[in-house]
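The sequence shown begins at 3 in the numbering used here and counts up one residue at a time.
Think of the CB as a built atom: it goes at the ideal place given N, C-alpha and C, for glycine as much as any other residue.
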Amino acid sequence: EWYRAKIRRNDREAKKADVVYIDYGNSETVPWTRLRPLTQPQFSVQKIRPQATD
Numbered sequence: 003e004w005y006r007a008k009i010r011r012n013d014r015e016a017k018k019a020d021v022v023y024i025d026y027g028n029s030e031t032v033p034w035t036r037l038r039p040l041t042q043p044q045f046s047v048q049k050i051r052p053q054a055t056d
């Protein structure tokens, strides 16, 4: 199961990133091993707008 997220901060020493989930609005710190690029164009932010608002 995957969720679209935007990286807010990268910690190179700990190899972790602070992310905000663009469709839910919550955030967390995750290890780089849990991150994947969004390569399928049908799920891009241009096709499906983020559902969470600031």
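Inspect the beta-carbon positions of R1 and D20 and report whether they are closer than 8 Å. There is no way to answer for residue 1, as the model of the chain reaches only from 3 to 56.
Per-residue burial, A7 [other beta carbons within 10 Å of its own, 16 or more giving buried]: Its Cβ being crowded by 16 or more others within 10 Å, A7 is buried.
Does any CB atom of chain B fall closer than 8 Å to the CB of A19? Any reference to chain B falls outside this structure, which holds one protein chain only.
R14 - DSSP class collapsed to helix/strand/coil: Of the three classes helix, strand and coil, the one that applies to R14 here is coil, per DSSP.
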